[in-house]
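K.L.:
1281 is the number of the first residue of the sequence shown in this note's numbering; add one for each residue after it. Dropping a structure here in structure tokens format, bear with me for questions.
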Amino acid sequence: MKKFYITTPIYYPSADFHIGHCYTTIIADAIARYKRLTGYDVFFQTGTDEHGEKIEKKAMEAGVTPKEFVDKIIENSKDLWKSLDISYDYFIRTTDKKHEEAVQKIFKKLYDQGDIYKGEYKGLYCVPCESFWTDSQLVDGKCPDCGREVKEVSEESYFFKLSKYQDRLVKFYDDNPNFILPLSRKNEMINNFIKPGLEDLCVSRTSFKWGIPVSFDEKHVVYVWIDALSNYITSLGYPDESSEEFKKYWPADLHLVGKEIVRFHTIIWPIMLMALDLPLPHQVFGHGWLIIDGGKISKSLGNYKDPREYINSYGVDAVRYYALREVPFGSDGNFSEEALISRINTDLANILGNLVNRTISMIHKYFDGTLINNDKTEDIDRDLVDSVLDLKNKVEDKMNGLKINEAIIEIMEVLKKCNKYIDDTTPWILAKDETKKERLSTVLYNILESVRICAILLSPFIPTTSSKILNQINTKKVSYDSTANFGALELGILLNKPEILFARIDMDSKK
């Protein structure tokens, strides 16, 4: 069986997540579900990045230890992913003992082979981003990622020889042109960081204590990005390269990251792996942000809502669908409650929900819930059948290219054709003529078979809704392979009663 290892970044543990924080994980979940559907052995990992100066400060303000602080809020992360129906296989915490011990061994190995050395760091540091910057990298004197103030720091530190591997990294980029996607992110890395020349990276701190101690110099703690990035291999058992999971899943197939941390995943991480003499991941995709009214989502701007508020109001699949459908993957996308409602009404309630409801209702009305024939085909059927037969390959092509929103659009176009097919074949008129009962059964079979195939292909994106549709159809033909042939739906099955999948929402009532 083919394997597929997909990761999201490990997130800063917080009691305050907004919809933008969820975007990467919703996308990753849809890809992981699609790969499972198509027969892959998938390992989907996410987790929390729990060390660093800002955690230490927040814990101090709360009057608790850093570990007590993160333990109290860690369940919020897991609960949010549960609310969004995220099907991760492994949730790693950087405070896991196994991870901490592995990071110490990684740091010691790099030190012993001369890739890490002791020196003194003098420079600019952004506490919220936990990032070091040069004067030339600042924007208006502030952090180029978050726009906040940086501070000058001076302390004894260990350094990692990024500069030693610059030429090797450039060659890897050249040999693997799709390692960084979209290509605009690759150009950014080359022009902004590599061409000016890579500087050796500060990889330890002494000015705070909340981190993994350097095993041979315990006044130092490991710099957060060495700690955090290592999670992708420590979860698999590294540094034990004989670990079954490590041998099975590494190298990763896809790291999904926000555009603000592409440089860590495409410069620091590959060089770490080169120094460890490990294979590099196949691809890093740096996606855009979900923003509101052209700006970031934040409490201070008054545009923040806990994602569970949207889930409670509109349903988890509606929120997932909007995030997946609305934004071309890789670009920034605008999020608004008004646009969410509009997408629910047009796509989910009207195109999908109404189609499923009226199709199953007609089968109950005209055939007591059981179809008897699908042989009376006519030329008018061919366009719909051909579109459905092409759908599996079209979705596969889009998903392999990480064009998730386009894959959904392909499915919705077929569902639109189903609605048009109903209008063109007029089942309600056929039902008035007893001699056309077999033709009526064929028409309804064609619609229901199209719905079945679309429901299976929609399952990575809106899994709960897909399951409800297939349950209403009461079919056992729910495999991915069954979507390749039109006509797999069983005759003679008794359909369950139709249920409303998505009710239309009155926009005015939400204002």
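Glycine included, C-beta positions come from ideal geometry on N, C-alpha and C. For clarity, every value in this text was computed on a predicted model and none was experimentally measured.
Going by C-alpha to C-alpha distance, which of F1371, E1658, L1442 and D1321 sits closest to E1394?
P.N.:
According to the sequence provided, residue 1394 is Gly. The question's Glu does not apply to it. Ranking F1371, E1658, L1442 and D1321 by Cα distance to G1394 puts L1442 first.
K.L.:
Compute the Euclidean distance between the alpha carbons of P1707 and K1672, then round it to the nearest angstrom.
P.N.:
Between P1707 and K1672, the C-alpha separation is close to 27 Å.
K.L.:
With a cut-off of 8 Å, do at least 3 Cβ pairs link the region 1759-1772 to the region 1725-1738?
P.N.:
Yes, since at least three Cβ pairs between the region 1759-1772 and the region 1725-1738 fall closer than 8 Å, the two stretches touch.
K.L.:
Count the other C-beta atoms from every protein chain shown that fall within 10 angstroms of the C-beta of R1605, then say buried if there are 16 or more, exposed otherwise.
P.N.:
Per the 10 Å Cβ criterion, buried.
K.L.:
Can you pull the DSSP bridge partners for R1432?
P.N.:
This sequence places Glu at residue 1432; Arg is not what is there. BP columns for E1432 point to L1404.
K.L.:
Can you tell me which residues form a DSSP beta bridge with N1614?
P.N.:
Paired residues: I1571.
K.L.:
Taking only three categories from DSSP, how would you classify Y1285?
P.N.:
It is a strand residue.
K.L.:
Any idea which residues DSSP pairs K1716 with across the strands?
P.N.:
According to DSSP, which records beta bridges pairwise, K1716 is partnered with nothing at all.
K.L.:
Just the C-alpha distance for T1486 and H1500, rounded to the nearest angstrom, thanks.
P.N.:
Using only the alpha carbons, I get a separation of about 5 Å.
K.L.:
Please name the residue in T1763, K1528 and P1743 whose C-alpha comes closest to that of E1729.
P.N.:
That would be T1763, whose Cα lies nearest to the Cα of E1729.
K.L.:
Which word fits T1745, buried or exposed, when buried means at least 16 other C-beta atoms lie within 10 angstroms of its C-beta?
P.N.:
When all chains shown are included, T1745 counts as buried.
K.L.:
Nearest CA to the CA of Y1503: which residue from D1655, E1380 and T1304?
P.N.:
Of D1655, E1380 and T1304, the residue nearest in Cα terms is E1380.
K.L.:
Please determine if the region 1624-1640 and the region 1686-1698 are in contact, where contact requires at least 3 C-beta pairs separated by less than 8 Å.
P.N.:
Flag = yes, the region 1624-1640 and the region 1686-1698 touch.
K.L.:
Skipping 5 residues on each side, what residues in its chain have a beta carbon closer than 7 Å to that of A1382?
P.N.:
So the qualifying residues of the chain are S1510, T1514, Y1518 and P1519.
K.L.:
How far does the beta strand (DSSP E) with Q1384 in it extend, from its first residue to its last?
P.N.:
Where Q1384 is concerned, there is no enclosing beta strand (DSSP E), although the alpha helix (DSSP H) it sits in stretches over K1377 to D1392.
K.L.:
Report the option in D1455, T1705 and L1774 whose CA atom is closest to the CA atom of E1658.
P.N.:
Checking every option, the nearest Cα to that of E1658 belongs to T1705.
K.L.:
Take M1787 and list the residues in its own chain whose beta-carbon comes closer than 6 Å to its own, dropping the five residues that flank it on each side.
P.N.:
Here the set comprises I1621.
K.L.:
How far does the beta strand (DSSP E) with S1411 in it extend, from its first residue to its last?
P.N.:
Note, S1411: beta strand (DSSP E), S1411 to W1413.
K.L.:
Can you have a look at S1464 and say buried or exposed, based on whether 16 or more other CB atoms are within 10 angstroms of its CB?
P.N.:
Classification for S1464: exposed.
K.L.:
Quick one: what does DSSP say S1510 is sitting in, helix, strand or coil?
P.N.:
Here S1510 sits in coil by DSSP.
K.L.:
For P1706, which of helix, strand or coil comes out of DSSP?
P.N.:
First, the residue type needs correcting, since residue 1706 is Thr and not Pro in the sequence shown. Three-state result, T1706: coil.
K.L.:
Sort out for me which residues DSSP pairs K1645 with in a bridge.
P.N.:
Paired residue(s): none; K1645 is not in a bridge.
K.L.:
Check H1331 in the structure and name its three-state DSSP category.
P.N.:
Correct three-state label for H1331: coil.
K.L.:
Ordered along the chain, which non-local residues of its own chain (more than five positions away) have a Cβ less than 6 Å from that of K1402?
P.N.:
So the list reads S1434, once near-sequence residues are dropped.
K.L.:
Alpha carbon to alpha carbon, what distance is there between A1783 and N1625?
P.N.:
For N1625 and A1783, the distance between alpha carbons rounds to 8 Å.
K.L.:
Run through the DSSP bridge pairs and tell me what L1536 is partnered with.
P.N.:
In the DSSP output, where bridge partners are listed per residue, L1536 has F1565.
K.L.:
Between which two residues does the alpha helix (DSSP H) containing F1496 stretch?
P.N.:
Note, F1496: premise wrong, no alpha helix (DSSP H); not H, not E.
K.L.:
Around the C-beta of N1654, are 16 or more other C-beta atoms found within 10 angstroms, so that it is buried, or is it exposed?
P.N.:
Under this definition N1654 is a buried residue.
K.L.:
Can you look up D1321 in the DSSP assignment and give me helix, strand or coil?
P.N.:
Residue state, collapsed to three classes: strand.
K.L.:
To the nearest angstrom, report how far apart I1736 and M1692 are at their CA atoms.
P.N.:
The straight-line gap from Cα to Cα measures roughly 13 Å.
K.L.:
Sort out for me which residues DSSP pairs G1399 with in a bridge.
P.N.:
Per DSSP, S1437.
K.L.:
For the beta strand (DSSP E) containing F1488, name the first residue and the last one.
P.N.:
Run containing F1488: none; DSSP gives neither H nor E here.
K.L.:
Beta-carbon separation of S1363 and I1591 under 8 Å?
P.N.:
In contact: S1363 and I1591 (Cβ atoms closer than 8 Å).
K.L.:
In chain order, what residues of the same chain lie with their CB nearer than 7 Å to the CB of V1758, ignoring the 5 residues before and after it?
P.N.:
Excluding positions up to five away in sequence, the list reads I1736 and L1750.
K.L.:
If contact is defined by three or more beta carbon pairs under 8 Å, each pair taking one atom from either stretch, is the region 1672-1684 in contact with the region 1771-1778?
P.N.:
No, the region 1771-1778 is not in contact with the region 1672-1684.
K.L.:
Going by DSSP, name the residue or residues bridged to Y1291.
P.N.:
Looking at the DSSP assignment, Y1291 forms a beta bridge with T1328.
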